[in-house]
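Engineer:
Chains as they are written, first to last, in the numbering used here: chain A, 328 to 652; chain B, 511 to 1042.
Structure representation (structure tokens):
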């Protein structure tokens, strides 16, 4: 019985979260998690960019209007504007103040809108990393960040330029003798996201990254944004190409949407821990051979930070807890 | 970045969404609504409604049912707001754990699960003792064929009810190993069942007292039943619209309406929670409660409260002239004078029982699953089938619990078990009410970030509904503590009630200790991180 088994004493604690999708409050909670959970290593998995833009527009009365959820809010004072922007930011939305003509010009030009959202994503990432640097300075806590399949490539450089360690495509020593191999790319989704690639490409990237790996170097962990196929960490509703839900007898059909290449790599290299995200609704932890695989899931729209606190000992993973902070 | 954008809202300042992967929840609002309607337990209504005039002479059946909507509406409001603020599977386990303490959340939810598993067992036996026995008994009565009459008695035997109920629970467990299939079966069973029941209830209402009496007289004697009950000691009240017994009866019929909050137990799977949860909870109360109210009006108008109370007085005695217990379905069948209606209503109730068992067991497996995800119970409990994604271990635990409940109900006279656990779930609701009162103040950081936080005169609506829920549920609990009719105010019932709570707390304490020895700190699962 797992409940009664005694484990060796841990000497390192990781706090892993993923899929925060632009939520300011989730990122702040993540950084604050180092102290709250007494973690020495913070790992931010992929999908850090927000998905939505809430423009703030001046109306005929000279006031500002913005839409949050299904509510349109009219704001008269700067204080109300700031409050609206804070609420939107906590829900993962980007805000942009514009007059109606400017907004109409942008919304009619898809490329311009894309560019604007990317700029806002870069700006928010810079703010986050500056906050992290300020709060973690002198604490001895290390911050590791990767991007996911939803994230624009311009975020990579933002992380590279910060005091955080950018993880993509590298085997990084997160603590003495503990190595983390990371891949933010995912197998192809119906949304055709920036880092969606075929399974063969995922396999090539994983093999390239792990080509020089030898067990003599210490303990190996994975941080692959896409969960392994058929693992229980990858259960989602199946969708048609047009994003409509696949149904059978009137019921939605769930299926495994994880990566076969990621699963093969886990089965080949036997990392002691494999951290994943991507499928928000598939919060789970499971064993694949000797590997503990975890997807803490994501509830960023509600401002809730799902995560995994993992204790490591020289023998491997000592214990873990899935958190909702 | 994405390849395209879409305008979500027109006219107003629009939200722009870039193309990106995202969360897809499995349970539709319709399925959640149907599940909650199933939980407005019409099979238990068939039993409790007919007990009401017997247990509380003078009570108005329709008015008691209507008044039972009040606590259900208030408590439903608490669960709606909590369900939107914390849309995760597990319902009050999550709310109470967050708002009060994880140990309180676990113990309260443990109680609720124990009661529901017990009830699932009871319902398994009711398929035979209420549904099929009612069907066979009414066919026997209407046709005069003794084989059916004897079959009605035989099918109510303890061993038949146990084995049949256990098979029914096994079938439900099998269905739950595939969520989509279980929901599909639930929808079909419910849809057919509710149509059958509705047709018969409307027919019962339509035929009125004279035709009903005439049909009963073809089988037994309407006035003879009332006379025999009077000789057996039943005293007919001066009026069937007395306020005090009507109010007292609310506690009894609330067992049918209070559970509309079940959608929150599967909240993590429900799509568009802000819309779906209120619709499923209040829609269930409006629809399921409406059918219940129709049943009460039909019973009062066509059966007559004197006749209903008299059948209950005579049930189990030699003077009782029928082959089946005087539940709503059986009495309506006999009174309809029609084989077709007899078949419709009894099969209808059997189908509703099946649908209810499916959704109840599904909701309970989600609670058991949530305990394991928080590592309070062994990890194996939250393993899901790689093929069907169903939490098979949790389903198996729910099955074993329900079969134990079935055995206790069928083979022992331990009726206090039901009374004690009923107090247990009422106290779960009381704890949830307290959680609602304190949540906006105690967990301000979560409340302030909630997408829905209505206020009334500056006070959080959640707290106001919490206070009102506490008062209404406490009044119901008081009735169970003080009225012998409920069988809850006995030492054995109190032992079960307190025992389940104590077991919940002790189990949580042991789990926390054991996990601590493994280096797992259970308190981390509910630690709220500073948001600033």
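Where a beta carbon is used, it is the ideal one built from N, C-alpha and C, also for glycine.
For residue 337/A, return the contacting residues in chain B, with the cut-off set at a CB-CB distance below 7 Å.
Structural biologist: 1029, listed in chain order.
Engineer: Verify whether the separation of the beta carbon atoms of residue 613/B and residue 952/B is less than 9 Å.
Structural biologist: No, the Cβ-Cβ distance between residue 613/B and residue 952/B is not below 9 Å.
Engineer: Label residue 728/B either buried or exposed according to how many other C-beta atoms from any shown protein chain fall within 10 Å of its C-beta, with 16 as the threshold for buried.
Structural biologist: With fewer than 16 other Cβ atoms within 10 Å, it is exposed.
Engineer: Please work out which residues of its chain come closer than 7 Å, Cβ to Cβ, to residue 622/A, disregarding the five sequence neighbours upstream and downstream, and give them in chain order.
Structural biologist: 554, 560, 603, 604, 606, 609, 610 and 611
Engineer: Residue 352/A: which of 339/A, 416/A and 528/A sits nearest, CA to CA?
Structural biologist: 416/A
Engineer: Using beta carbons (cut-off 9 Å, strictly below), is residue 590/B in contact with chain A?
Structural biologist: no
Engineer: Three Cβ pairs or more, each shorter than 8 Å: is that satisfied between the region 929 to 948 of chain B and the region 1020 to 1027 of chain B?
Structural biologist: no
Engineer: Name the chain A residues whose beta carbon is nearer than 7 Å to that of residue 876/B?
Structural biologist: Neighbours of residue 876/B on chain A: none; closest Cβ ~13 Å, over 7 Å.
Engineer: What residues of chain A sit near residue 1097/B, judged by a beta carbon separation below 8 Å?
Structural biologist: For chain B, the structure presents residues 511 to 1042; residue 1097/B sits outside this window and is missing.
Engineer: Run through DSSP, which three-state label would residue 922/B get?
Structural biologist: Residue state, collapsed to three classes: coil.
Engineer: By the 7 Å beta-carbon criterion, what residues does the region 346 to 357 of chain A contribute toward chain B?
Structural biologist: 352, 355 and 356
Engineer: Rounded to the nearest angstrom, what separates residue 693/B and residue 548/B at their Cα positions?
Structural biologist: 12 Å
Engineer: Which of helix, strand or coil does DSSP assign to residue 403/A?
Structural biologist: coil
Engineer: Can you name the start and end residues of the alpha helix (DSSP H) that residue 627/B belongs to?
Structural biologist: 612 to 636
Engineer: Quick one, which of 592/B, 814/B and 709/B has its alpha-carbon nearest residue 944/B's?
Structural biologist: 592/B
Engineer: Taking all protein chains shown into account, decide if residue 646/A is buried (16 or more other Cβ within 10 angstroms of its Cβ) or exposed.
Structural biologist: Result: buried.
Engineer: Return yes when the Cβ of residue 997/B is within less than 9 Å of the Cβ of residue 751/B, no when it is not.
Structural biologist: Result no, Cβ atoms of residue 751/B and residue 997/B do not sit closer than 9 Å.
Engineer: Cβ closer than 7 Å: which chain A residues qualify as neighbours of residue 885/B?
Structural biologist: Around residue 885/B, the beta-carbon contacts reaching into chain A at under 7 Å are 648.
Engineer: Tell me whether residue 992/B is buried or exposed, calling it buried when 16 or more other Cβ atoms sit within 10 Å of its Cβ.
Structural biologist: exposed
Engineer: Within this structure, are the beta carbons of residue 588/A and residue 515/A separated by less than 9 Å?
Structural biologist: no
Engineer: Could you spell out where the alpha helix (DSSP H) holding residue 450/A opens and where it closes?
Structural biologist: 437 to 463
Engineer: DSSP on residue 389/A, reduced to helix/strand/coil?
Structural biologist: Correct three-state label for residue 389/A: coil.
Engineer: Report the residue from 601/A, 449/A, 346/A and 644/A whose alpha carbon sits nearest the alpha carbon of residue 551/A.
Structural biologist: 601/A
Engineer: Measure from the C-beta of residue 1041/B to each C-beta in chain A and report whether the shortest distance is under 9 Å.
Structural biologist: yes
Engineer: Quick one: using the 10 Å Cβ neighbour count with 16 as the cut-off for buried, is residue 300/A buried or exposed?
Structural biologist: Because residue 300/A is not part of the residues shown, which for chain A are 328 to 652, the question remains open.
Engineer: Along chain B, which residues have their Cβ under 9 Å away from the Cβ of residue 359/A?
Structural biologist: 1039, 1040, 1041 and 1042
Engineer: I want to verify the contact list: residues of chain B whose CB lies under 9 Å from the CB of residue 363/A, in sequence order.
Structural biologist: 1034, 1037, 1038, 1039 and 1040
Engineer: In angstroms with no decimal places, state the Cα-to-Cα distance between residue 1039/B and residue 635/A.
Structural biologist: Rounded to whole angstroms, residue 1039/B to residue 635/A spans 13 Å at the Cα level.
Engineer: Tell me, please, which residues DSSP counts as bridged to residue 523/A.
Structural biologist: 513/A
Engineer: Would you mind working out which of 816/B, 1026/B and 914/B sits nearest residue 737/B, comparing C-alpha positions?
Structural biologist: 816/B
Engineer: Could you give the distance in angstroms between the alpha-carbon of residue 852/B and the alpha-carbon of residue 844/B?
Structural biologist: 7 Å
Engineer: Residues of chain A with a CB under 9 Å from the CB of residue 894/B: which are they?
Structural biologist: 559, 562, 611 and 613
Engineer: Using CA coordinates, which residue listed in 891/B, 772/B and 832/B is at the minimum distance from residue 543/B?
Structural biologist: 772/B
Engineer: To the nearest angstrom, how far is it from the Cα of residue 1032/B to the Cα of residue 877/B?
Structural biologist: 17 Å
Engineer: Which term fits residue 398/A, buried or exposed, when burial requires 16 or more other beta carbons within 10 angstroms of its beta carbon?
Structural biologist: exposed
Engineer: Sorted by chain position, which residues of the same chain lie with C-beta nearer than 6 Å to residue 447/A's C-beta, five sequence neighbours on each side aside?
Structural biologist: 421
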